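Enquirer: Quick one: the structure is below, questions incoming.
Next up, the structure:
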């Protein structure tokens with residue numbers, strides 16, 4: 001940061017309540033009132049009026065002996081900027097820098113302290129400092145630009161904003177090998193002394209100090225050159241969002257109805273909507289994690305539906321790139337008792353599925369779209385396993401998210417089984433109807449042998465589910481022994497499955513009624529499972545239909561024998 005010192009005299013200004021004056025033997029004959037502050041100054045004995053064209057005009061009708069009072073309530077920068085101009089006229093030492101240049105320059109222009117009034121006047125010195133120091137410096141330009149938010153009209157009309165932006169953009173576009181000025185870069189793990197080369201995003205942290213409207217001007221100007229890649233623009237947006245938006249990733253923010261809090265929320269909403277509108281359309285310009293984070297913040301701030309819809313659309317395009325940690329956000333609705341924001345994930349998944357179905361109506365087994373949806377399937381099952389531990393998570397939301405995936409999304413149901421098991425373990429009071437509702441999603445044929453072995457012994461599962469697992473386990477063992485090919489069509493399977501199901505149900509009912517007082521719960525599950533597996537069996541060949549039915553009847557009698565042996569024990 002650069003500074004300019006003007007004047008040589010010591011500071012003789014002093015303030016007493018709302019009055020500021022100069023220590024002098026000469027009585028004051030000029031009173032300047034600005035807002036609630038009065039300046040007791042001198043007209044001619046000290047070259048104040050001779051350096052200010054405006055004061056010359058306002059004092060032109062007064063005699064030299066008259067005490068003149070002038071109201072200058074509209075001076076840009078207020079009383080502090082006027083005091084800098086007054087001290088310059090008195091020859092008192094003042095220090096100028098990027099932090100106070102803008103108000104001083106605007107006030108000097110307002111007072112007409114130009115070369116036409118007196119040579120070597122204040123405006124000329126300020127312009128020289130602006131051109132040679134502020135615009136040449138990186139941080140000086142940013143600080144000066146930020147101070148223009150207090151005087152936007154004056155700064156715009158005097159060209160300060162435009163020239164600062166041009167200077168900043170020029171430096172951003174400078175090749176990193178030629179960057180020689182100081183900049184702020186505090187990324188975790190980055191040590192400037194250990195890195196000889198300048199990082200490509202060296203400028204992002206410094207410009208994040210700007211007001212959102214000025215930041216937008218910088219980003220718009222940089223993008224218009226088509227030089228930086230979209231990912232670099234996305235990184236700048238990410239840094240700015242981390243700088244100004246609330247963090248909703250760790251815990252649920254406290255909601256307050258206070259006026260100050262609401263004002264802060266409104267400012268954050270405006271920043272969020274501006275950031276979303278600046279995200280490049282190029283896929284991958286920002287990460288899926290950043291998009292999901294913005295969506296969580298949008299839910300917290302109550303952003304407009306347009307903003308949320310756009311974030312969901314963009315997140316859906318890149319959902320395949322998401323990781324489990326990217327999706328773990330607390331719910332932002334105060335009415336939600338559960339912790340995780342499962343609705344956010346469901347909305348993005350729905351957006352992804354719309355695009356997936358549109359791009360691949362009939363996907364082949366090895367197509368990219370199948371690999372994509374199966375990756376999403378594993379991701380959703382992993383997410384379900386985490387949110388299932390939430391003791392307040394409604395079963396309806398869990399089931400709704402699990403059922404949203406098409407059948408092709410799950411190559412196996414091991415992950416889904418784990419999520420169901422975790423939920424039943426963490427929610428021991430789940431009703432039988434809800435248990436059946438959850439387990440109805442499971443396809444026993446897609447469970448691995450290890451998971452089937454666990455399910456058979458799982459006392460949390462409904463009896464019907466355990467019986468299904470037992471029957472399919474027996475069916476799998478039978479097929480692996482005989483190596484019989486599956487050649488029957490779905491049309492031929494339907495009547496056989498219906499007949500087998502009816503017969504299985506009758507036998508289960510008969511055996512349970514006969515020995516219910518002596519059969520343990522585990523035995524009942526195993527029996528019913530084996531019988532119902534016959535329901536899904538349809539592997540008899542077309543030319544061996546009668547033989548297949550005979551074998552089926554013989555095997556369905558087997559559980560009865562097992563049942564009698566276990567009952568006799």
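In full-length UniProt numbering, the protein residues as written are 1 to 569.
Even for Gly, the Cβ is constructed at its ideal location relative to N, Cα and C.
Because the structure is a prediction, the values reported are computed rather than measured.
(1) For residue 246, write down the residues that DSSP places opposite it in a beta bridge.
(2) Which stretch, first to last residue, makes up the alpha helix (DSSP H) that contains residue 311?
(3) Can you tell me whether residue 466 is buried or exposed? The criterion is at least 16 other CB atoms within 10 Å of its CB, across all chains shown.
(4) By the 10 Å Cβ neighbour count, where 16 or more other Cβ atoms means buried, how is residue 77 classified, buried or exposed?
(5) Along the chain, where does the alpha helix (DSSP H) that runs through residue 40 open and close?
(6) Quick check on the DSSP output: the alpha helix (DSSP H) that includes residue 405 runs from which residue to which?
(7) Apart from the five residues just before and just after residue 52, which ones in its own chain have a Cβ nearer than 8 Å to its Cβ?
(8) Determine contact between the stretch 214-228 and the stretch 165-173, defined as no fewer than three beta-carbon pairs at a distance below 8 Å.
(9) Rank 269, 284 and 244 by C-alpha distance to the C-alpha of residue 233 and give the top, closest one.
(10) Pick out whichever of 430, 188, 92 and 330 has its Cα sitting closest to the Cα of residue 6.
(11) Residue 217: which of 198, 239 and 274 sits nearest, CA to CA?
(12) Does DSSP put residue 135 in a helix, a strand or coil?
(13) Quick check on this structure: which residue in 8, 203 and 228 has the alpha carbon closest to the alpha carbon of residue 240?
(14) Going by CA-CA distance only, name the one from 331, 61, 261 and 106 that's closest to residue 80.
(15) Classify residue 33 as helix, strand or coil using the three-state DSSP reduction.
(16) What's the gap between the Cα of residue 187 and the Cα of residue 180?
(17) Across which residues does DSSP place residue 97 in a beta bridge pair?
(18) Is the separation between the beta-carbon of residue 126 and that of residue 115 shorter than 8 Å?
(19) Just to confirm before moving on: does the CB-CB distance between residue 398 and residue 388 stay below 8 Å?
(20) In whole angstroms, what separates the C-alpha of residue 39 from that of residue 31?
(21) Quick one: Cα of residue 469 to Cα of residue 376, how far?
(22) Is it the case that the Cβ atoms of residue 435 and residue 462 are separated by a distance below 8 Å?
(23) DSSP state of residue 14, grouped into three classes?
(24) I'd like to know whether the C-beta atoms of residue 210 and residue 145 end up nearer to each other than 8 Å.
(25) In this structure, does DSSP put residue 429 in helix, strand or coil?
(26) Name the residue from 442, 262, 349 and 304 whose alpha carbon lies nearest to the alpha carbon of residue 464.
(27) So does the stretch 449-463 actually touch the stretch 413-423, counting three or more Cβ pairs closer than 8 Å?
(28) Is DSSP giving residue 226 helix, strand or coil here?
(29) Can you tell me whether DSSP reads residue 22 as helix, strand or coil?
(30) Please classify residue 509: is it buried, with 16 or more other beta-carbons within 10 angstroms of its beta-carbon, or exposed?
(31) For the stretch 327-342 and the stretch 311-318, state whether three or more C-beta atom pairs, one from each stretch, are separated by less than 8 Å.
(32) Return the CA-CA distance between residue 149 and residue 212, expressed in angstroms with no decimal places.
(33) For residue 107, which of helix, strand or coil comes out of DSSP?
(34) My output table needs one value for residue 92: the three-state DSSP class, helix, strand or coil.
(35) What residue range does the beta strand (DSSP E) around residue 149 cover?
Expert: So, to answer that:
(1) Taking the first residue of the chain shown as position 1, residue 246 is located at position 246. Within the DSSP bridge table, the entry for residue 246 names no partner.
(2) Working through the chain shown from its first residue, we reach residue 311 at position 311. Here the alpha helix (DSSP H) through residue 311 covers 305-317.
(3) Working through the chain shown from its first residue, we reach residue 466 at position 466. With 16 or more Cβ atoms within 10 Å of its Cβ, residue 466 is classed as buried.
(4) Counting from 1 along the chain shown, the entry for residue 77 is found at position 77. By the 16-neighbour rule on beta-carbons within 10 angstroms, residue 77 is buried.
(5) Residue mapping note: residue 40 aligns to position 40 of the chain shown, counting from 1. Counting along the chain, residue 40 falls outside any alpha helix (DSSP H), though it belongs to the beta strand (DSSP E) covering 37-41.
(6) If you number the chain shown from 1, residue 405 lands on position 405. Where residue 405 is concerned, there is no enclosing alpha helix (DSSP H), given that its DSSP letter is neither H nor E.
(7) Taking the chain shown and counting its residues from 1, the one referred to as residue 52 is at position 52. Within the same chain, residue 52 has close Cβ partners 85, 89, 111, 112, 113 and 117.
(8) The stretch 214-228, when compared against the stretch 165-173, does touch it at the 8 Å Cβ threshold.
(9) Position 233 of the chain shown, counting from 1, holds the residue named residue 233. With distances taken between Cα atoms, residue 233 lies closest to 284.
(10) Within the chain shown, the letter at position 6 stands for residue 6. Here the closest residue by C-alpha is 92.
(11) Here residue 217 refers to the residue found at position 217 when the chain shown is read from its first residue. That would be 274, whose Cα lies nearest to the Cα of residue 217.
(12) Taking the chain shown and counting its residues from 1, one reaches residue 135 at position 135. Correct three-state label for residue 135: coil.
(13) As a first step, residue 240 must be located in the chain shown, where it is residue number 240. Here the closest residue by C-alpha is 203.
(14) As a working note, residue 80 is residue 80 in the chain shown. Minimum Cα distance to residue 80 is reached at 106.
(15) To locate residue 33, count along the chain shown from 1; it is residue 33. In this structure, DSSP gives residue 33 an extended state, which the three-state scheme calls strand.
(16) Taking the first residue of the chain shown as position 1, residue 187 is located at position 187. Taking the first residue of the chain shown as position 1, residue 180 is located at position 180. Those two C-alpha atoms are separated by around 19 Å.
(17) Taking the chain shown and counting its residues from 1, the one referred to as residue 97 is at position 97. Answer is 3, bridged to residue 97.
(18) Within the chain shown, residue 126 is the residue found at index 126, counting from 1. Within the chain shown, residue 115 is the residue found at index 115, counting from 1. Going by C-beta atoms, residue 126 is not nearer than 8 Å to residue 115.
(19) Position 398 of the chain shown holds residue 398. Position 388 of the chain shown holds residue 388. Taking 8 Å as the cut-off, the beta carbon of residue 398 is found closer than this to the beta carbon of residue 388.
(20) On the chain shown, residue 39 is found 39 positions in, with the first residue counted as 1. On the chain shown, residue 31 is found 31 positions in, with the first residue counted as 1. Going from the Cα of residue 39 to the Cα of residue 31 covers about 6 Å.
(21) In the chain shown, residue 469 corresponds to position 469, counting from 1. In the chain shown, residue 376 corresponds to position 376, counting from 1. Computed Cα separation, rounded: 26 Å.
(22) For the purposes of this step, residue 435 is identified with residue 435 of the chain shown, where counting begins at 1. For the purposes of this step, residue 462 is identified with residue 462 of the chain shown, where counting begins at 1. Closer than 8 Å, so yes.
(23) Counted from its first residue, the chain shown places residue 14 at position 14. Three-state DSSP puts residue 14 in a strand.
(24) Looking up residue 210 in the chain shown gives position 210. Looking up residue 145 in the chain shown gives position 145. Result yes, Cβ atoms of residue 210 and residue 145 sit closer than 8 Å.
(25) On the chain shown, residue 429 is found 429 positions in, with the first residue counted as 1. Reduced to three states, the DSSP call for residue 429 is coil.
(26) Indexing the chain shown from 1 puts residue 464 at position 464. The shortest Cα separation from residue 464 among 442, 262, 349 and 304 belongs to 442.
(27) In this structure the stretch 449-463 touches the stretch 413-423; the number of beta carbon pairs closer than 8 Å is three or more.
(28) Against the chain shown, residue 226 aligns to sequence position 226. Looking at residue 226 - three-state DSSP - the assignment turns out to be coil, as it is neither helix nor strand.
(29) Taking the chain shown and counting its residues from 1, the one referred to as residue 22 is at position 22. The answer is strand: DSSP assigns residue 22 an E or B state.
(30) Position 509 of the chain shown, counted from the start, is the residue given in the question as residue 509. With a pLDDT of only 46 at residue 509, under the threshold of 50, the placement of this residue in the model should not be trusted; the figure read from the coordinates follows. When all chains shown are included, residue 509 counts as exposed.
(31) As far as the Cβ criterion goes, the stretch 327-342 does not touch the stretch 311-318, which means the pair count is below three.
(32) On the chain shown, position 149 is the one that residue 149 refers to. On the chain shown, position 212 is the one that residue 212 refers to. In this structure, the alpha-carbon of residue 149 lies about 10 Å from that of residue 212.
(33) Against the chain shown, residue 107 aligns to sequence position 107. The answer is helix: DSSP assigns residue 107 an H, G or I state.
(34) In the chain shown, the residue the question calls residue 92 occupies position 92. Looking at residue 92 - three-state DSSP - the assignment turns out to be strand.
(35) Within the chain shown, numbered from 1, the residue matching residue 149 stands at position 149. Where residue 149 is concerned, there is no enclosing beta strand (DSSP E), given that its DSSP letter is neither H nor E.
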